[in-house]
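**Student:** Once you've had a glance at the structure underneath, I'll fire off some questions.
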Amino acid sequence: MSTYKSIQLHHGGHFNKTALSTMYLGGTCEMIDNIDIDLISFFDLREMVMSYGYPCTVKMYYLLPGAGLKDGIKEMCSDEEVTAMLDAYEGLPILCMYVTSGPMNEVVGLEVDEDMGVLVDEEDGEESDDPNYEEEEEKEDDDSYVPTRDIPIVSMLEWIRRKLMSRFQIKRMGMEKYTGTICPKIEKKLDWRIAAAKDCFAYYLGEFKFVVDCHDTTYTVDLNAMTCGCRLWGVMI
């Protein structure tokens with residue numbers, strides 16, 4: 000029996016490392032569903048990424064579950080690394096991948112085993128836990144991806160207009176058939192958060208305050224004040 004997972008694909012950006020943090024700058028995030036992990040290979044993943052307009056020299060990485068950018072980024076160059084990724088994500092519903100299209104020196108200030116479009120505080124090595132989900136895309140035939148950058152501006156805008164109209168209608172038809180109580184995009188976010196929080200333990204202090212042990216770090220969370228020791232709420236607000 001085949002096992003299916005989803006891939007959270009970060010692409011269109013590049014890696015940057017500063018004195019205080021490591022970031023994946025720019026780009027977007029796609030959710031790709033119904034990936035048969037029993038049949039997937041390195042070349043299948045590369046072909047999937049190339050369908051977004053990337054060359055065959057595209058660089059692919061995955062983030063180890065529960066790890067930060069400093070130690071958790073691994074490059075995929077063969078089926079051996081793909082197998083290692085699937086083993087690391089065993090039991091988790093979503094695989095996290097990142098893509099850069101240029102040579103390794105485009106990964107600014109990072110080592111080969113470092114990356115990920117998640118903000119990390121390198122002082123404690125903890126992930127900011129901000130997957131930055133965007134609207135999921137429907138997987139379409141490769142023929143639908145035309146090289147719009149190489150055509151005149153008016154034709155390019157017309158192609159984009161038609162693409163958006165078709166996309167909106169597909170989304171509308173899909174939601175009319177949806178019977179769930181939570182929208183699919185939000186449900187995927189919740190699943191990702193649940194999987195990411197498997198190593199976190201909360202202790203109730205009263206008045207909606209908690210102490211949370213996550214890996215080797217302890218945070219204080221106040222739900223009423225919307226504050227956390229990780230300072231993520233302050234960034235989001």
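Be aware that the sequence shown starts at 0, since it is given in numbering that gives the first Met the number 0, and climbs by one per residue.
All C-beta atoms in this analysis are idealised placements derived from N, C-alpha and C, irrespective of residue type, glycine included.
Owing to the predicted nature of the structure, the values given are computational and were not obtained by experimental measurement.
Mind checking which residues open and close the beta strand (DSSP E) that includes MET75?
**Tutor:** For this step, residue 75 is matched to residue 76 along the sequence shown. Segment 72 to 75, the beta strand (DSSP E) holding MET75.
**Student:** Helix, strand or coil for MET174 per DSSP?
**Tutor:** Reading the sequence shown from its first residue, position 175 is the one you call residue 174. Here MET174 sits in helix by DSSP.
**Student:** What is the DSSP secondary structure of ALA194, reduced to helix, strand or coil?
**Tutor:** For this step, residue 194 is matched to residue 195 along the sequence shown. Residue state, collapsed to three classes: helix.
**Student:** Shortest alpha-carbon distance to PHE207 belongs to which of THR219, CYS199 and PRO183?
**Tutor:** Residue numbering aside, residue 207 sits at position 208 when the sequence shown is read from its first letter. Nearest of THR219, CYS199 and PRO183 to PHE207, Cα basis: THR219.
**Student:** Taking 8 Å as the threshold (beta carbon to beta carbon), is ILE93 in contact with chain B?
**Tutor:** Annotation note: the requested chain B is absent from the structure, which comprises a single protein chain.
**Student:** Just curious, the beta strand (DSSP E) that THR219 is in, first and last residue?
**Tutor:** Stepping through the sequence shown from its first residue, residue 219 is reached at position 220. Per DSSP, THR219 belongs to the beta strand (DSSP E) from 216 to 221.
**Student:** Under the rule that 16 or more other beta-carbon atoms within 10 Å means buried, what is GLY71, buried or exposed?
**Tutor:** Sequence index remark: in the sequence shown, residue 71 carries index 72 (1-based). Buried, because 16 or more other Cβ atoms sit within 10 Å of the Cβ of GLY71.
**Student:** Between MET30 and LYS197, is the Cβ-Cβ spacing less than 8 Å?
**Tutor:** Counted from its first residue, the sequence shown places residue 30 at position 31. Counted from its first residue, the sequence shown places residue 197 at position 198. Contact: no.
**Student:** Using the Cβ count rule (16 or more neighbours within 10 Å means buried), how would you classify TYR202?
**Tutor:** By one-based count along the sequence shown, residue 202 stands at place 203. Exposed, since its Cβ has fewer than 16 Cβ neighbours within 10 Å.
**Student:** With three or more beta-carbon pairs closer than 8 Å as the criterion, would you say the stretch 75 to 85 touches the stretch 55 to 63?
**Tutor:** These segments touch.
**Student:** What is the rounded straight-line gap between the Cα of GLY65 and the Cα of CYS55?
**Tutor:** Counted from its first residue, the sequence shown places residue 65 at position 66. Counted from its first residue, the sequence shown places residue 55 at position 56. Rounded to whole angstroms, GLY65 to CYS55 spans 30 Å at the Cα level.
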